[in-house]
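Participant: Residue numbers for the sequence shown follow our numbering, so the first one is 768 and each next one is one higher. Glycine is no exception: its CB is placed at the ideal position from the N, C-alpha and C atoms. It should be emphasised that the depicted structure is a prediction, and the values quoted were computed from it without experimental measurement.
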Amino acid sequence: MILEFIWNKFQSRFCEYKRKQDVFAISNARTNPSLAQRQASLAKKLSTKYRIRMPYDIRINFCKECKKFIAPGVNARIRIGRSSVKSIRITCGFCNHTYRKIIQKSIPKGQ
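1. If the criterion is Cβ atoms closer than 8 Å, does the pair C830 and C782 meet it?
2. Within its chain, find whatever has a CB closer than 6 Å to the CB of A838; leave out the 5 residues flanking it on each side and keep chain order.
3. Closest by CA to Y823, which one among L813, R786 and E832?
4. If we require 4 or more residues per run, which alpha helix (DSSP H) segments fall completely within the region 779-858?
5. Among F777, S814, N775 and Q778, which has the Cα closest to the Cα of K789?
6. Of all the options K835, Q871, Q778 and V852, which has the alpha carbon lying nearest to the alpha carbon of L802?
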């Protein structure tokens, strides 16, 4: 019971630390890209070491092909799809891998 409490406290602090580190990585991406890559790789390495899942908003900033940190507009290209299925296409600036996120239609609450 006590160990579980300590572990939960550690997890919450560690998640906050990772979020701050990734925010710094995004802000440093324009001025110092190598520092941004280093900070992001440290956050990813720590999350895998301690088996803590990264939040979705942080996970989407990593390329699924080369596993590098991508900052939108700096080393990644983002396009909105023009087909019947609405989607966002993200192209990595390092490996040119393109992946899509489908934007789902919102369903009215009354139906």
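Facilitator: Looking at the atomic coordinates:
1. no
2. I793 and A796
3. R786
4. 800-816 and 823-826
5. A small fix is needed here, since residue 789 is Asp in this sequence, not Lys. The option with the nearest alpha carbon to D789 is S814.
6. The shortest C-alpha separation from L802 is found at K835.
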